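Contents: one structure, followed by commentary.
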Amino acid sequence: MEGRTLSFPRTCLIESDVIEHIILTFKRATGCPDILRHAALGLANLALYSCFEGKKKIIQKKVPDWLFFLASQSDDVTRYYACLAVCTIASVKEFEPAVIKSGTLKLVEPFLQVHDPATFAVEHHKYAQGRPKEWLEK
422 MEGRTLSFPR TCLIESDVIE HIILTFKRAT GCPDILRHAA LGLANLALYS
472 CFEGKKKIIQ KKVPDWLFFL ASQSDDVTRY YACLAVCTIA SVKEFEPAVI
522 KSGTLKLVEP FLQVHDPATF AVEHHKYAQG RPKEWLEK
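Just so we're on the same page, my numbering is the position in the sequence shown counted from 1, plus 421.
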């Protein structure tokens, strides 16, 4: 298969019910910060890397409503990824009304007002792109 790339539709994960799996998993474990963090990260990845049709399915599954729950958590990393996901979905004009209706967008600005992006990236470098200086010196 050298030199060949496989092309999968960018709705493949969404069509395989991964959204339902993520939501069901964190509904069962609302008291587990690690699961909520991974759920927010998974939904952010789906929002970021889905095509228009994928985002349409995200809206149909009422993901912005579930992101409200995740964006309301005390864990900053969970809140960050929930806010990232909701902003990504809202950036598509056709989906903005559904995001506004969920109320999740109202949680983004207060989060951004109290978190400096540079500080957040340093404190939560495990989730940042690239590696910290200490890791590179190993």
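Ideal placement from N, C-alpha and C gives every residue a C-beta, glycine not left out.
Remember, predicted model here, so these are calculated numbers, not experimental data.
Taking a cut-off of 8 angstroms on C-beta distances, the stretch 489 to 505 touches the stretch 528 to 548, as three or more cross pairs fall below it.
Taking 9 angstroms as the cut-off, the Cβ atoms of residue 484 and residue 461 do not count as close. Going by DSSP, residue 452 is part of no alpha helix (DSSP H) at all; its letter is neither H nor E. The distance from the Cβ of residue 528 to that of residue 492 is about 4 angstroms, consistent with a contact at the 8 angstroms cut-off. In this structure residue 476 does not touch residue 541 by the C-beta definition: roughly 25 angstroms separates them, more than the 8 angstroms allowed. Counting only residues of its own chain and dropping the five nearest sequence neighbours on each side, residue 473 has a CB closer than 8 angstroms to the CB of 513. Less than 9 angstroms divides the Cβ of residue 482 from the Cβ of residue 440. A Cβ-Cβ contact shorter than 9 angstroms links residue 488 with residue 464.
Residue environment: residue 495 is assigned as exposed (fewer than 16 neighbouring CB atoms within 10 Å of its CB, all protein chains considered).
Rounded to the nearest angstrom, the Cβ distance from residue 519 to residue 480 is 5 angstroms, consistent with a contact under 8 angstroms. For residue 544 and residue 555, the gap between their C-alpha atoms comes out near 13 angstroms. A distance below 6 angstroms between beta-carbons, with the five flanking residues on each side excluded, links residue 523 to the following residues of its chain, in chain order: 485, 486 and 489.
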